[in-house]
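Here the structure comes first, spelled out in C-alpha cells, and everything after it is commentary.
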Amino acid sequence: MIIDGKEIARAFPRRTKATPTDDLALVGIPTKEDLARVEVADEIHVSVTYTYDIEKAEKMAAAYEKAGHKVKVGCPAFGDRFSSTFTPGLYMGEGYTFTSRGCPNHCWFCSVWQSCRGQIKELEIKDGWKICDDNVLATSPEHFKAVIEMLKRQPFPAEWVGGIEAKILQPWQAELMKEANTRRIYCAYDTPDDLEPLIAAGKIFRDAGFTVTSNTCMCYVLIGYKGDTFEAAEKRLYQAIDAGFMPFAMLFKDKNGTTDEVWRRFQREWAAPQIVGTKVRKRRKEVNL
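First residue of the sequence shown: 34, per the numbering used here; consecutive thereafter.
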C-alpha cells in the first residue's frame, strides 16, 4: 500500500479475521519467499496488537532489518491507540474501519483508557461496514448519525465489532442501527454491574425491531479472571441469554497472554457457534423468550 509516496509492507505476529490479505501483508517470522515479496517496499511496518506478541514482533523486525529493510514497530501493544487518522486496508482488512479512538471508561481489565488517557477522539469517517471503535456510543450525536449515514451506503450489512456499551445505549441509537441494516451487534458482560444495563439494552434493541431469533445481538461474557468460578461464569452466560443475547465466552488473558487449560476447556463449550446455538435454543424454550 502506498502512503505518502512510499510503498508500505506490513507484518503481523499472528493472523486474525481482521488481518489484511494483500500481497504486502505478511504474518510471522519472514521466510525467504516473504523477503522476496517485500523487496518492492520502501518500509516495513510491524503491527502489534497484543502485548504478549511483542517479543515475537521484535524478532520479526530484526529479521527484516538483517535483510536490509527499513522497519518500524508499533500499534496498540505499544500504546499507539490515539492516532488522529485511520487508513482503511493498511493494518486491518477490507470492511474494517475506526471512526473514533479511545474510551472515557476506566475498566480494570482494559488497556484502552490507559493509552488514551480516558479520552475519546472522533476521526474523519472512512467507509467500512465493520465498526471497530472502542466506544462508538460515547461519540457525539452528530458523529454517530454521520456513521449511520456512512453505513447505509455500504455494500454489506453493518457489524458493530468494537462493542456497544449497554450502559449508555439510547433508544434513538438502536433505531438508527436498525435503519443501517445491522447484521451483528456486540455487547459485553464483563463485571456484575453490567447485568442490569445489558437487560435494559436487550429491551431497547427489541423495541427498535431487532428480534431475539435473528441472533443479531451478541454478548461477549468475560470468564476466567481471578476469583471467577465455573458456576458463576455459567450463570452469567445464561443471564446474557435471558437478556436477549447470543453469548460467547471470552477468556481472560494476562499481559503475557497466559490462560488456564481448565478454563480453556470450559470456554470451548461456550465459544463454538453450534454448541452455543443449541444451549441458547434450549434456554429460550425454558424461559419462553
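Beta carbons are placed, not taken as given, at the ideal position from N, Cα and C, and that holds for glycine.
Here the structure is a predicted model, which means the values were calculated and not measured.
| Query | Result |
| --- | --- |
| Who pairs with R43 in a beta bridge, going by DSSP? | A58 and H78 |
| Would you tell me roughly how many angstroms separate the C-alpha atoms of D166 and F45, rounded to the nearest one? | 20 Å |
| So the beta strand (DSSP E) G135 belongs to, where does it begin and stop? | S133 to G135 |
| Compute the distance between the beta-carbons of G260 and F285, then report whether it is under 8 Å. | no |
| I need the DSSP call for D155, collapsed to helix, strand or coil. | Looking at the sequence itself, residue 155 is Glu, so the reference to Asp does not match. Note: E155 maps to strand in three-state DSSP. |
| Under DSSP, the beta strand (DSSP E) around M283 begins and ends at which residues? | M279 to L284 |
| Measuring CB atoms only, is the stretch 240–251 touching the stretch 285–294, in the sense that at least three cross pairs come out at less than 8 Å? | no |
| When we look at the beta-carbon of N214 and count the other beta-carbons within 10 Å, is it buried (16 or more) or exposed? | exposed |
| Once you ignore the five residues that flank R316 on each side, which residues in its own chain have a CB closer than 8 Å to its CB? | Y271, I274, D275 and L322 |
| Residues bridged to Y219 by DSSP? | M251 |
| Looking at the unbroken alpha helix (DSSP H) that takes in V106, where does it start and where does it end? | That residue, V106, is in no alpha helix (DSSP H); its beta strand (DSSP E) goes V104 to G107. |
| Within 10 angstroms of its Cβ, does C280 collect 16 or more other Cβ (buried), or is it exposed? | Inspection of the sequence shows that residue 280 is occupied by Pro rather than by Cys. So P280 ends up on the buried side. |
| Closer than 8 Å by C-beta to K185: which residues in its own chain qualify, once you throw out the five before and the five after it? Chain order, please. | E212, A213 and N214 |
| Can you name, in chain order, every residue of its own chain whose Cβ lies under 7 Å from the Cβ of A96, other than the five neighbours on each side? | I62 and P63 |
| Could you have a look at Y258 and say whether DSSP puts it in helix, strand or coil? | coil |
| Do you know whose CA, among Q152, V313 and W205, lies nearest V245's CA? | V313 |
| Below 8 Å between beta carbons: does that hold for Y219 and I197? | yes |
| Roughly how many angstroms separate the alpha carbons of A42 and S133, rounded to a whole number? | 25 Å |
| Going along the chain, which residues of its own chain have a beta-carbon closer than 7 Å to the beta-carbon of V73, five neighbours each way excluded? | E40 |
| Consider the Cβ of T291: report whether some Cβ of chain D lies at a distance smaller than 8 Å. | Judged by its chain identifiers, the structure shown contains no chain D, having just a single protein chain. |
| DSSP three-state label for I197, please. | coil |
| Are the Cβ atoms of P121 and W162 separated by less than 8 Å? | no |
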